[in-house]
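Remarks on the structure that follows.
There are 2 protein chains.
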Amino acid sequence: MSSGHDRSFFLDDEAMNEELNVLRDQIDGVDQQLVALLARRLALVAEVGEVKSRHGLPIYAPDREAAMLAKRREEATASGVPADLIEDVLRRVMRESYSSENDSGFKCVNPALRSIVVIGGAGQLGRLFVHMFRLSGYRVDVLERGDWAQADEMLADAGMVVVAVPIDTTCEVIDKLAMLPADCVLVDLTSVKSQPLAHMLAVHQGPVLGLHPMFGPDVSSLAKQVVVYCSGRDEAAYQWLLDQMRIWGVRLHSVTAEEHDEAMSLIQALRHFTSFVYGVHLSEEQADLKRLLALSSPIYRLELAMVGRLFAQDPALYADIILSSPRNVQMIRRYHQRMGEAINMLEAADRDGFIQTFHRAAEFFGDYAGQFLRESKMLLAQAHDSRHHESL
Amino acid sequence: MSSGHDRSFFLDDEAMNEELNVLRDQIDGVDQQLVALLARRLALVAEVGEVKSRHGLPIYAPDREAAMLAKRREEATASGVPADLIEDVLRRVMRESYSSENDSGFKCVNPALRSIVVIGGAGQLGRLFVHMFRLSGYRVDVLERGDWAQADEMLADAGMVVVAVPIDTTCEVIDKLAMLPADCVLVDLTSVKSQPLAHMLAVHQGPVLGLHPMFGPDVSSLAKQVVVYCSGRDEAAYQWLLDQMRIWGVRLHSVTAEEHDEAMSLIQALRHFTSFVYGVHLSEEQADLKRLLALSSPIYRLELAMVGRLFAQDPALYADIILSSPRNVQMIRRYHQRMGEAINMLEAADRDGFIQTFHRAAEFFGDYAGQFLRESKMLLAQAHDSRHHESL
Chain A
1 MSSGHDRSFF LDDEAMNEEL NVLRDQIDGV DQQLVALLAR RLALVAEVGE VKSRHGLPIY
61 APDREAAMLA KRREEATASG VPADLIEDVL RRVMRESYSS ENDSGFKCVN PALRSIVVIG
121 GAGQLGRLFV HMFRLSGYRV DVLERGDWAQ ADEMLADAGM VVVAVPIDTT CEVIDKLAML
181 PADCVLVDLT SVKSQPLAHM LAVHQGPVLG LHPMFGPDVS SLAKQVVVYC SGRDEAAYQW
241 LLDQMRIWGV RLHSVTAEEH DEAMSLIQAL RHFTSFVYGV HLSEEQADLK RLLALSSPIY
301 RLELAMVGRL FAQDPALYAD IILSSPRNVQ MIRRYHQRMG EAINMLEAAD RDGFIQTFHR
361 AAEFFGDYAG QFLRESKMLL AQAHDSRHHE SL
Chain B
393 MSSGHDRSFF LDDEAMNEEL NVLRDQIDGV DQQLVALLAR RLALVAEVGE VKSRHGLPIY
453 APDREAAMLA KRREEATASG VPADLIEDVL RRVMRESYSS ENDSGFKCVN PALRSIVVIG
513 GAGQLGRLFV HMFRLSGYRV DVLERGDWAQ ADEMLADAGM VVVAVPIDTT CEVIDKLAML
573 PADCVLVDLT SVKSQPLAHM LAVHQGPVLG LHPMFGPDVS SLAKQVVVYC SGRDEAAYQW
633 LLDQMRIWGV RLHSVTAEEH DEAMSLIQAL RHFTSFVYGV HLSEEQADLK RLLALSSPIY
693 RLELAMVGRL FAQDPALYAD IILSSPRNVQ MIRRYHQRMG EAINMLEAAD RDGFIQTFHR
753 AAEFFGDYAG QFLRESKMLL AQAHDSRHHE SL
């Protein structure tokens with residue numbers, strides 16, 4: 001550009017800035033109304049929560065939620081707002097509402113119950129359940145390692161005992177519970193189910209139930225969270241507990257302990273193990289994490305985060321989950337062998353073999369592959385919105 | 393409950409329903425205002441985009457965005473609305489705005505450029521770049537496999553040639569480009585960089601640039617997307633292209649081709665390979681996908697989706713990325729060996745060995761582990777909000 005353009009360039013610049021400032025002030029105004037509207041919506045939903053809790057309705061009503069969202073999508077489309085936008089915004093707002101609905105407490109489904117004793121109730125997951133039971137009006141006692149001297153006394157009047165100790169001590173603790181009242185409900189929260197359930201059934205003649213909450217102790221609400229349960233004995237006697245969890249918003253899935261452990265072999269043991277090995281591999285390769293992050297696609301960024309998060313947590317938990325059954329290790333060995341075979345193909349530059357094997361696996365996934373692709377696109381777009389990681 | 397309760401129960405029920413209906417009507421009203429506000433905000437931001445595009449400002453301005461969000465967080469907190477809620481909502485709204493900013497077109501940084509020829513411009517990624525160049529006012533020609541008879545004619549007047557063909561034919565296509573005008577910029581978009589760059593430098597004496605867009609062809613906007621670039625020759629001659637991409641909102645990262653390929657060995661080759669093996673493993677184990685999904689934690693659901701999505705895509709692409717360099721296969725072999733060592737520990741029930749190895753890797757991750765944990769918590773909460781997968 002010649003220097004003769006400078007003056008008009010600056011004039012132009014000034015005009016543009018003024019134009020932008022006017023628009024930005026208007027956006028500021030819209031956003032202030034948006035904040036006020038969100039505050040109002042949160043307050044209204046809190047009132048709904050209060051009414052629901054007074055009447056013992058579940059805080060999460062899937063059909064109602066789906067119908068409401070469908071209506072909003074229509075209204076949005078009619079106003080020229082993308083339907084996915086309003087749905088995503090409302091889902092995010094609902095998350096906030098679910099977590100604040102905890103504040104108003106929950107209806108107590110079984111007010112006649114004697115005390116609930118949570119063994120290991122000072123641990124992370126135990127604490128969450130203690131909190132939820134208390135919010136629902138139950139009397140809860142916590143029994144920790146140092147309290148065994150008073151255990152007989154505490155347990156003598158228990159209406160329910162919940163075992164929430166680390167996985168490696170679960171069966172040992174269960175074996176000490178021979179003195180429970182006959183009608184006491186005995187429950188455990190461990191990530192494996194066959195052995196704890198067998199021990200509970202052996203030590204206690206009353207109602208028995210195995211639970212596996214499929215979420216970390218850091219969730220802000222149990223709404224929509226999955227709890228897997230394995231019936232032990234006398235379902236009628238613990239039906240109230242399932243109802244209570246439904247009121248908390250939990251989705252319950254019933255399977256046998258055997259089915260549970262088989263699925264968890266993949267869902268937990270193999271997953272944790274491969275994340276572990278990937279982390280070890282990155283460290284031994286002396287990977288440059290900073291560069292990997294800078295060059296990442298959103299999908300790899302997500303993968304790195306999912307692997308890296310493991311190493312901010314307790315190794316003993318992972319070791320115990322993986323080592324909880326010889327079946328896990330055998331299955332991991334099969335995984336390793338299959339990987340070896342795939343590497344042999346690569347080393348032989350057998351591109352056709354790779355593609356054939358790929359097609360066979362694709363057939364196995366069937367319609368799920370396309371579903372997963374759509375679902376992951378949405379999740380990756382969300383991950384990309386965030387970029388909370390600029391500071392790394 | 394005795395039957396005497398029934399009457400009062402129904403009366404109670406009616407009162408509750410009325411109470412809930414009043415509140416739900418109010419929520420409906422709030423949501424209608426919300427839709428109107430979103431429509432207004434999208435319209436205002438579109439106007440900003442139009443002004444920016446007229447003046448050639450980038451659509452993504454990180455500092456401005458950060459400042460705006462910080463201000464909104466403060467305002468929200470003052471109104472009793474969680475700061476994270478307003479930030480998440482606004483980020484989601486901004487995504488919509490970015491994608492619609494495409495509609496107003498982009499300022500053309502280099503209006504004097506002769507035509508751009510995109511070889512493979514009918515492929516997915518090629519099409520996206522053709523679209524972006526045209527939106528920015530460039531004249532773009534597409535050269536496909538069947539057009540080579542006219543290639544000399546089309547290329548004789550090219551100001552820039554972009555090679556966007558599949559990875560396995562990239563170098564072969566580049567080798568045909570000996571006839572480009574001396575000042576023509578030669579660019580490729582392949583996922584590996586060393587070899588294509590070497591071929592481009594060998595065949596063409598003018599400006600050369602290697603690009604690797606780190607996103608799929610299905611993104612709705614290039615705002616915040618990463619493009620890695622490797623300088624080839626005569627940076628001054630293609631500086632305008634980098635500026636043009638910045639106007640599209642792209643984040644550019646410069647590395648050497650060597651550094652790029654080393655990082656991609658982990659980011660792409662190993663990642664694709666392990667997803668492939670995991671899918672093959674699930675199919676050979678005859679895993680019950682329906683049950684796995686029902687019992688999944690959000691984190692495993694995400695993992696399944698990330699693996700399953702692979703199998704909705706083109707195996708040849710993955711084979712070629714993995715096989716693009718012997719280094720990839722060697723590194724994958726090391727990964728396999730490390731996994732074998734870890735399995736030996738498990739088979740020996742060496743819990744302490746596992747924990748020690750874990751701690752070493754944790755040390756390698758350092759502060760990143762905690763950062764990844766926080767980041768993944770946020771992403772998992774988002775994934776949990778969605779649950780678009782009820783239908784599966």
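Protein sequences, first through last, are from chains A and B. Residue 98 in the working numbering sits at position 98 of the first sequence, with consecutive numbering throughout. Residue 559 in the working numbering sits at position 167 of the second sequence, with consecutive numbering throughout. All C-beta atoms, glycine included, are put in the ideal place defined by N, C-alpha and C.
Test: residue i CB closer than 8 Å to a CB of chain A
i        : result
B/Ile478 : yes
B/Gly641 : no
B/Leu412 : yes
B/Gly512 : no
B/His397 : Model confidence at B/His397 stands at a pLDDT of 46, short of 50, so the residue's coordinates are unreliable and nothing is read from them.
B/Val443 : yes
B/His664 : no
B/His781 : Because B/His781 sits at a pLDDT of 42, beneath the cut-off of 50, its placement in the model cannot be relied upon, and the following sentence gives the value as read from the coordinates. Answer yes: the Cβ-Cβ gap between B/His781 and chain A drops below 8 Å somewhere.
B/Gln774 : yes
B/Arg786 : What the structure shows of chain B is the stretch from 393 to 784, and residue 786 of chain B is not part of that stretch, so it cannot be assessed.
B/Val595 : no
B/Arg531 : no
B/Met546 : no
8 Å Cβ cutoff, residue i in contact with chain B
i        : result
A/Ser2   : Its pLDDT being 41, under 50, A/Ser2 is placed unreliably in this model, and the value from its coordinates should be taken loosely. No, A/Ser2 does not count as interfacial toward chain B.
A/Arg114 : no
A/Met132 : no
A/Asp188 : no
A/Glu14  : no
A/Asp63  : no
A/Phe394 : Here chain A comprises residues numbered 1 to 392, so residue 394 of chain A is not present and cannot be evaluated.
A/Leu125 : no
A/Arg327 : no
A/Gly206 : no
Beta-bridge pairing of residue i - partner residues as DSSP gives them
i        : result
B/Cys622 : B/Gly602
A/Ser254 : A/Tyr229
B/Ile419 : Answer is none; B/Ile419 lacks a bridge partner.
A/Ser115 : A/Ala158
Closer than 8 Å at the beta carbon, the chain B residues around residue i
i        : result
A/Ala36  : Ser471
A/Asp243 : The premise fails here: A/Asp243 is roughly 14 Å from chain B at the closest Cβ pair, so nothing lies under 8 Å.
A/Leu266 : Leu674, Glu677, Ala679, Leu684
A/Val48  : Leu412, Leu415, Arg416, Ile419
A/Ala151 : Residues of chain B passing the Cβ test: none, with the nearest at roughly 28 Å.
Proximal residues of chain B, C-beta to C-beta of residue i below 9 Å
i        : result
A/Val226 : Ala686, Leu687, Ser688, Ser689, Pro690
A/His199 : Within chain B, no residue comes near A/His199; the closest Cβ sits about 20 Å away, beyond 9 Å.
A/Thr357 : Phe668, Val672, Pro707
A/Arg246 : By Cβ distance, chain B contributes nothing, its closest Cβ being about 16 Å from A/Arg246, past 9 Å.
A/Gly105 : Those within 9 Å of A/Gly105 in chain B number zero; the least Cβ separation is about 17 Å.
A/Ala236 : In chain order: nothing, as chain B lies at least about 15 Å away.
A/Leu69  : Chain B residues near A/Leu69: none, gap ~10 Å exceeds 9 Å.
Closer than 7 Å at the beta carbon, the chain A residues around residue i
i        : result
B/Lys769 : Asp218
B/His645 : Ala294, Leu295
B/Gln418 : Leu44
B/Gln425 : Leu37
B/Gly700 : Phe365, Tyr368, Ala369, Phe372
B/Arg487 : Ala381, Asp385
Contact list for residue i against chain A, beta-carbon separation under 9 Å
i        : result
B/Leu434 : Gly80, Val81, Pro82, Leu85
Check: residue i C-beta below 7 Å from any heavy atom of the ligand NAP
i        : result
A/Asp175 : The ligand NAP is not part of this structure, which contains no ligands at all.
Contacts that residue i makes with chain B (C-beta to C-beta distance below 7 Å)
i        : result
A/Ile322 : Leu738
Contacts that residue i makes with chain A (C-beta to C-beta distance below 8 Å)
i        : result
B/Ile451 : Ordered by position in chain A, no residue passes the 8 Å Cβ test against B/Ile451, which lies about 13 Å from the chain.
B/Ile724 : Ile343, Leu346
B/Tyr621 : Simply none; closest approach about 11 Å.
B/Leu839 : Here chain B has residues from 393 to 784 only, and residue 839 of chain B is not among them.
Per-residue contacts from residue i into chain D (C-beta, under 7 Å)
i        : result
B/His447 : The chain labelled as chain D is not found among the protein chains of the depicted structure, namely A and B.
Every unbroken beta strand (DSSP E) within the region 127-189 of chain A, with a cutoff of 3 residues, ordered by chain: 140-143, 158-163, 185-188
Stretch pair the region 224-237 of chain A + the region 663-678 of chain B: three plus CB contacts closer than 8 Å: no
Segments assigned beta strand (DSSP E), at least 3 residues, entirely inside the region 626-684 of chain B: 643-646
The region 116-127 of chain A touching the region 89-96 of chain A, judged by at least three CB pairs closer than 8 Å: no
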